[in-house]
Ligand code: GDP
Ligand code: MG
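Residue numbers (this note's numbering): -1 to 272.
The following block contains the structure:
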């Protein structure tokens, strides 16, 4: 049997059980990271490997209505990542009927070419009559087949995995079985930079700041090049972070680099943009 592999994103309203499902499939490791706040602004990969192949879960920033520029940016990021993946698992919550939040997401993913599996979670809370009603309700409103599961108990997850592997293309094992991310490294680096901004500015700035590591690659003599962008909500914040003649940004960079080098045990060239 040829090995399959692909990138999957689990999307859906908050609290439908997305993290629970990924944790159930992959194991407990992802927990450490997803327990932190702000992870929704970062891509995190969790990786599941078995005989049939490898699934790489991409945690997209989340599709929800944009209230400000930063949200809009993140929404765009979410779309961009959804375009690049092989399969979307659209998760809904069986304990309530199809609602506005589901409708919004359903509309957004209609225009994508990416394959979609709709999964109705929390069926452990439903009696058989309600289960049938809700399945019908979600089928009708999403226009797709719906797979019932209970992520928390693991019920029907093997069916879901069958369905997932049926959709995935043949492909190589992208990552070693014991590695569950390369994004997590990026995530931690971004968090280290955010922390420096927080410590150095002591303003309201941190709440409107997102850091994205755009590139991490090995350069000559094993030196690691890291390119990171700092996104701010207000124009005035940009000046504060850059500082007089760039002094603040320089200090943020210096302190970040020191911590990153300690973490990754390698020399780092850090390129920061605001
Ligand atoms: P996320 O925001 O979509 O990532 O949702 P979480 O995975 O954090 O789960 C939200 C809540 O739903 C938590 O309290 C979970 O324990 C609960 N939950 C998740 N899956 C199930 C399930 O299959 N059955 C029940 N009854 N609760 C669940
Ligand atoms: Mg979650």
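We put the beta carbon where it would ideally sit given N, CA and C, even for glycine.
Start-to-end residues for the alpha helix (DSSP H) that takes in residue i
i           : result
residue 270 : That residue, residue 270, is in no alpha helix (DSSP H); its beta strand (DSSP E) goes 266 to 271.
residue 131 : 126 to 140
residue 102 : 98 to 108
residue 2   : That residue, residue 2, is in no alpha helix (DSSP H); its beta strand (DSSP E) goes 2 to 9.
residue 240 : 233 to 240
residue 258 : 245 to 262
Distance between residue j and residue i (C-alpha atoms, nearest Å)
i           : j           : result
residue 274 : residue 113 : The question about residue 274 has no answer here: the residues shown for the chain are numbered -1 through 272.
residue 122 : residue 156 : 16 Å
residue 160 : residue 135 : 24 Å
residue 145 : residue 260 : 46 Å
residue 269 : residue 90  : 41 Å
residue 191 : residue 235 : 16 Å
residue 0   : residue 233 : 52 Å
residue 177 : residue 128 : No answer about residue 177 holds up, because its pLDDT of 48 lies below 50 and its placement is not dependable.
residue 80  : residue 74  : 10 Å
residue 213 : residue 16  : 27 Å
residue 93  : residue 70  : 30 Å
residue 246 : residue 262 : 24 Å
Distance CB(residue i)-CB(residue j) smaller than 8 Å
i           : j           : result
residue 230 : residue 211 : no
residue 162 : residue 228 : no
residue 166 : residue 3   : yes
residue 55  : residue 20  : yes
residue 194 : residue 253 : yes
residue 116 : residue 88  : yes
residue 5   : residue 82  : yes
residue 99  : residue 11  : yes
Min CB distance residue i to chain D below 8 Å
i           : result
residue 102 : Among the chains in the structure shown there is no chain D, since it carries only a single protein chain.
Where the beta strand (DSSP E) containing residue i begins and where it ends
i           : result
residue 213 : 207 to 216
residue 229 : 222 to 230
residue 113 : 113 to 119
residue 51  : 51 to 56
residue 162 : Element bounds for residue 162: not the beta strand (DSSP E) but the alpha helix (DSSP H), 155 to 165.
residue 24  : Not the beta strand (DSSP E): residue 24 falls in the alpha helix (DSSP H), residues 16 to 24.
residue 91  : 85 to 91
residue 146 : 144 to 146
Check your understanding: When the Cβ atoms of the segment 233 to 244 are set against those of the segment 209 to 224, are three or more pairs found closer than 8 Å?
Key -> no
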